[in-house]
Amino acid sequence: MENSAGEHRFREFKQEIDENDCEYPRQAWKKEFKCLQWVETDDDGVQLGTTRTCWQRIRAGDAGYCEVMNTTSGQVFRLMQTTSLSLKDDARFTCELARAFSSFQFHAAEYRHDPPMTVSQLNTQGIVMAVYESVLPSAFASIRRLRDIGCSLPVELWFRYDELELENPVLQLLIAKYGPVRLRRVFDERIHGFNVKVHALYYSQFSRVLLLDADNFAVRDPTSLFASWAMKRFGAVFWPDFWHPGNSIFNLHAQSLVWELLGLEYVNMLEQESGQVLVDRERSRRTLEQLLYYATHEPNLFSKLKLVWGDKDLFRLAWLQRNEKFYYNDRRVPGTLGVVNRFRQRYCGVTMVQAPNRR
336 MENSAGEHRF REFKQEIDEN DCEYPRQAWK KEFKCLQWVE TDDDGVQLGT TRTCWQRIRA
396 GDAGYCEVMN TTSGQVFRLM QTTSLSLKDD ARFTCELARA FSSFQFHAAE YRHDPPMTVS
456 QLNTQGIVMA VYESVLPSAF ASIRRLRDIG CSLPVELWFR YDELELENPV LQLLIAKYGP
516 VRLRRVFDER IHGFNVKVHA LYYSQFSRVL LLDADNFAVR DPTSLFASWA MKRFGAVFWP
576 DFWHPGNSIF NLHAQSLVWE LLGLEYVNML EQESGQVLVD RERSRRTLEQ LLYYATHEPN
636 LFSKLKLVWG DKDLFRLAWL QRNEKFYYND RRVPGTLGVV NRFRQRYCGV TMVQAPNRR
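In this text, residue positions in the sequence shown follow this note's numbering: the first is 336, and each later residue adds one.
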């Protein structure tokens, strides 16, 4: 009888707090927080009467939320609220992830990377590129192309210490024939894959950086971008992708879980294409630290929940979360470059074309 009465009192208490609006935690997870259950809803957030334990798996297509209680105040929170469209088809999680998820936005805002960024006292600018063995032919062609069109900007090539040797003949040929080229190695074990780009941007010796992917080919000298009105005014210039919330293969739309993770209202804009990123490092110091938190935090929620594709949208999301201004070069959507097969009446376009940031 005591157990039944206790359960009854718990249900009454729960009913009372369910009638109140469940605010989102205004701080990182505390020891007083406790996961209660996962609650199934329809896509409008109406409860359907079905629950799961905190360790049972939630799949893409499941609509609901993780119910978490502050055991000291009795306040109940709804975390990781999903609709049937919030996650990509192969994403999975349990409500045990709610702790890391709800703390993310607070930890990102407070994060200070170690060792800290150094900024050159000189007014320097240059190109930064992350490379590894299989992209060296493309990187070589990209840098040679820059020199062929008259670009004399210095280049930093960044790579993990265990992926390339300094004596690599391609690297040495670039230094000898297409310099100035400097080799920079990454020793931080937290940094791998596409996150080498983020690390390179943070630690570059240039005060202003044009970050280029190894398969990015300039059709004109990009040096003038550093003196553009957009760079002078905003200190960060990004370029759009083909995709937008109404047509996204990456699931970045109004119902995506990424907005709750970042503590942001939904932002309706074209997705970002990060093959080129222009940043004033000194003006963007704090945002770059937040970007490094995105790259190094564990568990990595962006990849675990499949919220973004690589580093593609991380730059604009970091600037949005920090409420920092940036120029989005979306007055002209990206073009495409390819081959027209007149016999088959078919166009095969495999290359994206981006425009300069003009007024």
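Beta carbons are placed, not taken as given, at the ideal position from N, Cα and C, and that holds for glycine.
The structure displayed is predicted, hence computed values, not measured ones.
- prompt: DSSP state of A340, grouped into three classes?
  reply: Reliability of the predicted coordinates at A340 is poor, the pLDDT of 36 falling under 50, and the value obtained from them is presented with this limitation in mind. Three-state result, A340: helix.
message: Just verifying my parser: in three-state terms, what is the DSSP assignment at F678?
response: coil
task: Would you decide whether W564 is buried or exposed? Buried here means 16 or more other CB atoms lie within 10 Å of its CB.
output: exposed
task: Report yes or no: do the region 602–615 and the region 569–578 share at least 3 C-beta pairs separated by less than 8 Å?
output: yes
task: Give me the Cα-Cα distance between Q416 and Y663, rounded to the nearest whole angstrom.
output: 29 Å
message: Can you list, in chain order, the residues of its chain with a C-beta nearer than 6 Å to that of Y601? Leave out the 5 residues immediately preceding and following it.
response: A589, W594
task: With a threshold of 16 other CB atoms inside 10 Å of the CB of A398, please say whether the residue is buried or exposed.
output: buried
message: Using a Cβ-Cβ cutoff of less than 7 Å, which residues in the same chain neighbour R447 once the five nearest sequence positions on both sides are dropped?
response: E624
- prompt: Along the chain, which unbroken stretches of the beta strand (DSSP E) at least 3 residues long are found entirely within the region 433–482?
  reply: 460–465
Burial state of C370, where buried means 16 or more other Cβ atoms lie within 10 Å: buried
- prompt: Looking at the unbroken alpha helix (DSSP H) that takes in N530, where does it start and where does it end?
  reply: 530–538
- prompt: Which stretch, first to last residue, makes up the alpha helix (DSSP H) that contains L383?
  reply: Taken as a continuous stretch (DSSP letters only), L383 belongs to no alpha helix (DSSP H), being part of the beta strand (DSSP E) at 382–387.
- request: Mind checking who L672 pairs with in its DSSP beta bridge?
  value: T686
message: With a threshold of 8 Å on Cβ separation, who are the neighbours of R480 within its own chain once the five nearest residues in sequence on each side are excluded?
response: F552, A553
- request: Express the C-alpha separation of L560 and M566 in angstroms, rounding to a whole number.
  value: 7 Å
- request: Starting from I700, follow its DSSP beta bridges and name the residues at the other end.
  value: With the chain covering only 336 through 694, there is no way to say anything about residue 700.
field: CB contact flag (S542, E617, <7 Å)
entry: yes
query: By how many angstroms is the C-alpha of P580 removed from the C-alpha of D378?
result: 18 Å
query: What residues are listed by DSSP as bridge partners for E608?
result: W574
- prompt: At which residues does the beta strand (DSSP E) containing K369 begin and terminate?
  reply: 368–376
message: Could you compute how far the alpha carbon of L642 sits from the alpha carbon of L420?
response: 12 Å
message: If you follow the beta strand (DSSP E) that Y400 is in, where does it begin and where does it stop?
response: 399–405
message: Taking the straight line between their C-alpha atoms, what separation do you get for W578 and C683?
response: 18 Å
task: Would you kindly check if the distance between the Cβ of V490 and the Cβ of I478 is under 7 Å?
output: yes
task: Could you tell me the distance, in whole angstroms, from the CA atom of L652 to the CA atom of T406?
output: 33 Å
message: Does the contact criterion of 3 or more C-beta pairs under 8 Å hold for the region 465–476 versus the region 424–441?
response: no
field: Where the alpha helix (DSSP H) through E624 begins and ends
entry: 620–631
message: For a test of the three-state rule: what should DSSP assign to V521, helix, strand or coil?
response: strand
message: Using only the alpha-carbon positions, how far apart do L636 and L546 sit?
response: 24 Å
query: What separation, rounded to the nearest whole angstrom, lies between the Cα atoms of P557 and D646?
result: 22 Å
query: What is the residue span of the beta strand (DSSP E) that L492 lies within?
result: 490–495
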